[in-house]
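Everything below concerns the one structure shown next.
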Amino acid sequence: MRLGVFVLTAVLAQASVPVIANKCAGCHSGASPRGNLDVTTREALLRGGSRGPAVVPGNASASLIYKAAAHQAEPHMPMGAPKLASQDLESLAAWINSGAHFEQPVKATAPTHWAYQAPRKAQAPAGIPARWSANPVDAFVAAGHKQKNVQPVEPADPRTLIRRAYLDLTGVPPTAAQVEQFAADPSAAAYTRVVDQLLQDPRYGERWGRHWMDIWRYSDWYGWRKAGDVRFSARHIWRWRDWIVEALNSDKSYAAMIREMLAGDEIDPGNPDVVRATGFLARQYHKYDRDGWMQDAVDHTALAFLGTTLKCARCHDHKYDPLSQKEYYQFRAFFEPYNIRTDRVPGEVDVTKAGLARVFDAELDTPTYLYIRGDVKAPDRAASLDPAVPGAMGGRVAPIEPVSLPQSAYYPDNRAFVHQDLLAQAKADLERAETELRKAKESSAAAEKIQAAEKSLAAAKAFVPALQARIAADRAKFADPPDPKYEDLAAAAKKAEREAGILKADAEVFSAMLDLNEARAKAKPGSVADEKAVTAAFKRVNDAQSALTQPAGEGGYTPVGKQYPDRSSGRRLALANWIAANANPLTARVAVNHIWARHFGKPLVASVFDFGLNGKRPSHPELLDWLAVEFMESGWSMKKLHRLLLTSETYKMASTSGIGDHPSARTDPENIALWRMNSRRMEAEIVRDAILSVSGVMDPAMGGPDLDEGKGFDVYRRSIYFRHSPDTQMEFLRTFDMASPAECYERNESVVPQQALALANSKLSRDQSRALAKKIREAHPQPEAFARAAFETILGRPPTGEELPLAAKAQPENLVHVLFNHNDFITIR
Amino acid sequence: MGFTGLALGAMLHRDGIARAATTGVWTPPDGKPHFAPKAKRVIWLFMIGGASQMESFDPKPELNKYAGKKFADTPHAGVLTNPLVKQNLREVIAGLHKTHAFIYPLQVGYKKRGQSGIEVSDWFPHVGECIDDIAVIRSMWTTDNNHGAQIQFHTGRHSLEGQFPTLGSWIHYGLGSLNDNLPQFVVLGEPIDTCCGGVGAHGASYLGPEHNGVQLNVDAKNPLLFATPSISPEEQRREFELLHELNGIAGARYPDDPAMRARIKSYELAFRMQTAVPEVMRFSTESEATRRMYGLDQDVTRPFGEICLAARRLAETGVRFVQVFHGQNGGAGKWDAHSNLKKGHTELCAQTDKPVAGLLRDLKQRGMFDDTLVVWCTEFGRTPGCQGTNGRDHHPYGFSIWMAGAGVKGGTVHGATDELGFHAVEHRHYVTDLHATVLHLLGLDARRLEVPGRKRLEIDFGAPVREVMA
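So the sequence lines, in the order shown, correspond to chains A and B.
At position 630 of the first sequence the residue is numbered 630 (our numbering), and the sequence of numbers has no breaks.
At position 135 of the second sequence the residue is numbered 964 (our numbering), and the sequence of numbers has no breaks.
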């Protein structure tokens, strides 16, 4: 008998431990267990957590752990996950009733958090009404309607729908003709044709480019702008913006986009079109704070692509997610070697004027240390950390293989176009020197001035062959196979450079002496400013003289440009491959959620950047997973996903029930179950772009350097192209909640009187009202016809019988202005 | 100058909201107080980060007596084992802000002040002079020991439960307008950071965006962007009237769209704000004496002095609720004295003491003290223990706030913490008791502010603190 009990207890212990290990210990174990409850030992369970003892041995129904698991007491456990299966509950109860003995402490098994499990494509629910069963998206949503006991509303009227689709995909409203054409044939086939055509519209890339720029924290460079002092982000970062737009328009796979942004320089190092994608990492640059820079790179990579607040593990183990502080720094190690630089681009030798902002691995041997309590002054030098990805997310990075780089990548200034541009500039300098001398002679300048011009010319003349000689030597040095003439060419280059250098220094000494004499002659006794000018001129003379008398260097000639390491660590490529792999449980889900949010006005996972244990559960978990898998199976094609979403019945629903007390509004006021579409306010950029587009003045030019943010009312390019940084933003756009360039995973959608003032009083709406009124009036001089045309052009619908007489009474320009301020204009219904 | 259009109520009459109102189930507020109010308006001064109760309004000489000792080695060992430590606490991060072992002495002296003789720390000499007009509540508590307590202080709900309407938005929702030219709920100073609730701490959540606080700049040069119309006032008035009518007609089709209603209202307000706001932010009519009262003549006090003066001018012009923030630092807030408490609090008090006292004095001299309620508050207090060598950690178990002005019994101390300033032990008040008190003084019953489908919990309502009322 006694023996029997003993055996039974042991069996039960074995049976129950897996339940606890699999379903509880993921959160309730470790250094800071949730609710201070540790479930891994009997003692800990008896002690309990902040809600008191978790187990009363022998009495399951009085044990908190059982009551919570059986949903007999709050909080229902496992938190945010389905209730335990009944056999699990039974075995838990039996185990507690038999005394809650452990054979050995429980070890938390792999975390069971939903977002760390691979998404699976569930069978689309059956028994769904016909309207909702054709598109799997709809089937999942309809199942939710049934479950939440809500009634979906009717489809939106064709004019509303087509305006919604245009604004969603291109960021500009349809023309009146486009609306009417669709209203005449609003069939599903016609609608799908429009969607397909909009996905081919280059404005799609601009519209969605801006969305992804929010998530990828695009910012033009900032710092001390007046002094040209770049302290954050990088000059010419707009090339990355253009890459984003082009990548979207060509439907580059999202996986490839991730890979190129994190490691374009390792994937296709010789191709500037790919390398510009690394602007994502160049943007994280901090001039004065390497650790801050690394932090931003780590934190925003995890937030943007993995929906993970890895940043919380910088100073201590993550308090919610199974991410250790060590894993934070291991993740940092992927980025440790990288730095940024500006490569020359054809046609401009001055990289402050034009260039390619890019990253490269500069220091392959820099160790990564864990900072104790996140303190950068307390690196734990006991161990240098190798790159690794957080274990909880599954998978392992492939072995990291260094990437050997082509010469165009490690010695970019040895490219032919750079040589051509440098020579062209040297020749232009020479011509300028000739002109200067001619002018000096013609204007019969003082003899010293002529002499100075002669010396400058001599220096410029000598510079050209010296440059040619250096280029020749460089070419020989880096030729494959090495050119045997290199030694001779290097010696010649050294000699030519030395000669040119002497002439240049000579010219410089002479002109500095002239300045000094002039400064002395002009100096009034006692004037501090004049004294300073003399001192400065004197210093110039000294410097020039010392350059002149400096012995020739040991190393031979000066290479044409800077040489970088000829290998890259391969770390970022390994990381990128892990993030962009189909096996990563987070990447596709996070992306699909972002795309969903921007079509439906609300994400499926409310915490868009936090899919961790403290984040929100998906409102439609099966739908999210189905979409994630579908997305990956389609080759990570965003356009296919857009098409799938936009052709769903869910997307086509009206955004209003038309009545104020719809029963579903009481059951589900937040519209979690998606029983109607969410209406949205246009984002800041779209407000401006829509006004310019409707009034017909939008300049369709794409790409190029960032435009002056102060010129937004006078330069009619799309808003995406204007300078956008923490220091420089178009005020009109800021009023409408434009993205914070520091971080924006979701836009705010406020309604404040300042927006009314911006639309009512800005030059933008006034100028465009005037212009558009004039244009419409030319075609429709009659007041009623004018009013009708104005409504159709601006709001995408004709006026109602009630609206028409009011509108027809107004002065044309006033009516247009009023319609730009109309709620229906800035609302995407 | 205004424009006349259909009243919003009339416009919505066609839709279901008005119909719902006739069913007797629920009616939206009619804008009138539920009972006779003592206060017309509120100026709410919020110190971001957690100001120390022990170094402001709650002197604890025992701290000096046992300075450097372990709690456990003093007669007050019980504070750490008191069930209150766990009872109300709801940690976001378990164990992140532990109780500290050693007692940290007071970092500032105290004096009895005014007729009432209430002790106020030497960092608040000016506010101290006003103490006879102030009711100090020394027994506040909250449940979050991290800075989510900032949004919690304004919504009454722990940040883990999500965003809820803030006190200002409830007042905006419940009461009609005091004027037609300015928003009824204005935010001055830089609001709290996104770490701790962001705009949610002056947001309206499910009440709808029209009840959000409106941020204004205290900058006469740029009080409000786009405030200058390029057409004549008459022409603009006609435009706004037409817009109002057209929005009303179109809006009737979307009775379930709160953003539409908010937008219509935002236009009505914008029209009048464009002249009213620059006017309020222009201090040229203020006398030298008044400017000095707020410390505008000193660099240290000028920034917050200007905000306090603007708050008074807004209140005077008819803004119902002015929510003033002090101490935003792009994170948890400047008052968050984990280290260098003495240096930090000295500076912060120097920035705010004179302006706040100036505000109280100015309200008095203008006869506004009788119908303006001023609240000084912060999300939680600081621990009596020592963090590091010279700081105090977060402390939700007991802290101080004060009220002054309309309906408030000046020269009062209400509630108490234990001898170390650790636990609120006498007349304990959760933050919604303060909300209920403010609402009560405005003539509102918190329990009558509810929206269908949004069940409020008992803890949301709180109970008015009658002992501090005149």
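Yeah, the Cβ is synthetic: ideal placement off N, Cα and C, and Gly gets one too.
Here the structure is a predicted model, which means the values were calculated and not measured.
For a Cβ distance threshold of 8 angstroms, residue set P753, A756, A760, N821 of chain A lies close to B/Y1096, ordered along the chain. If you check each beta-carbon in the segment 1010–1039 of chain B against every beta-carbon of chain A, the ones closer than 8 angstroms belong to P1012, V1028, Y1035, P1038, E1039.
Scanning the segment 186–235 of chain A from its first residue to its last, the whole alpha helix (DSSP H) runs of 4-plus residues come out as 188–200, 203–215. Taken atom to atom, the span from the alpha-carbon of A/M294 to that of A/Q330 is near 12 angstroms. Taking 8 angstroms as the threshold, the shortest C-beta distance from B/M1102 to chain A falls below it. By the neighbour-count criterion, in which a residue is buried when 16 or more other Cβ atoms sit within 10 angstroms of its Cβ, B/E884 is buried.
In the structure shown, the three-state DSSP call for A/S404 is strand. Sequence-distant partners of A/V389 (beyond 5 residues in either direction) whose C-beta falls short of 6 angstroms from its own C-beta, in its chain, are V397, W578. A Cβ of chain B is located within less than 8 angstroms of the beta carbon of A/G658. Listed as beta-bridge partners of A/N339 by DSSP are A/F360. For the segment 135–166 of chain A, no residue has a beta-carbon sitting nearer than 9 angstroms to a beta-carbon of chain B.
C-alpha of A/S324 to C-alpha of A/Y486: approximately 54 angstroms in a straight line.
Judged by DSSP secondary structure, B/C1206 falls within the beta strand (DSSP E) whose first and last residues are 1201–1207. Assignment of A/G144 by DSSP, reduced to helix, strand and coil, places it in the helix class. Distance from the CA atom of A/A452 to the CA atom of A/K504, rounded to whole angstroms, is 11 angstroms. Residue contact check for B/T1218 against chain A: no CB pair falls below 8 angstroms. Interface flag for B/F1150 against chain A is unset, since no Cβ pair is found closer than 8 angstroms.
Between B/D1086 and chain A, the shortest Cβ-Cβ separation is below 8 angstroms. Closest in alpha carbon position to B/R1295, among B/K1284, B/L1263, B/L1286, is B/L1263. Chain order gives the chain A residues near B/N1076 as H822, N823, where near means a beta carbon separation below 7 angstroms. Residue contact check for A/P669 against chain B: a CB pair falls below 8 angstroms. By the rule that beta-carbons nearer than 8 angstroms mark a contact, A/T800 touches chain B. Sequence-distant partners of A/L759 (beyond 5 residues in either direction) whose C-beta falls short of 8 angstroms from its own C-beta, in its chain, are V687, S765, F820, N821, I826. Closest by C-alpha distance to B/R967, out of B/D1086, B/A1253, B/G1037, is B/A1253. Residues of the segment 521–539 of chain A with a Cβ closer than 9 angstroms to any Cβ of chain B: none. Within chain B, the residues placing a beta-carbon under 8 angstroms from that of A/T735 are L1054, F1055, ordered along the chain.
Taking a Cβ-Cβ cut-off of 8 angstroms, A/R47 has no neighbours in chain B, whose nearest Cβ is about 13 angstroms from it. As a beta-bridge residue in DSSP terms, B/H1223 pairs with B/R1211. Closest by C-alpha distance to A/A255, out of A/R718, A/H780, A/G801, A/E633, is A/E633.
Put simply, the CB of A/A810 is near chain B, with a gap under 8 angstroms to one of its CB atoms. In terms of beta-carbon proximity, B/P954 stays away from the interface with chain A, with every pair separated by 8 angstroms or more.
Within chain A, no C-beta atom comes less than 8 angstroms from the C-beta of B/N917; the nearest is roughly 11 angstroms away.
For A/S750, the nearest CB of chain B lies under 8 angstroms from its own CB, placing it at the interface with that chain. Residue environment: A/F417 is assigned as exposed (fewer than 16 neighbouring CB atoms within 10 Å of its CB, all protein chains considered). Interface with chain B (8 angstroms Cβ-Cβ cutoff): A/L586 is excluded. Of the candidates A/T667, A/P705, A/P798, A/T667 places its Cα closest to the Cα of B/K1284.
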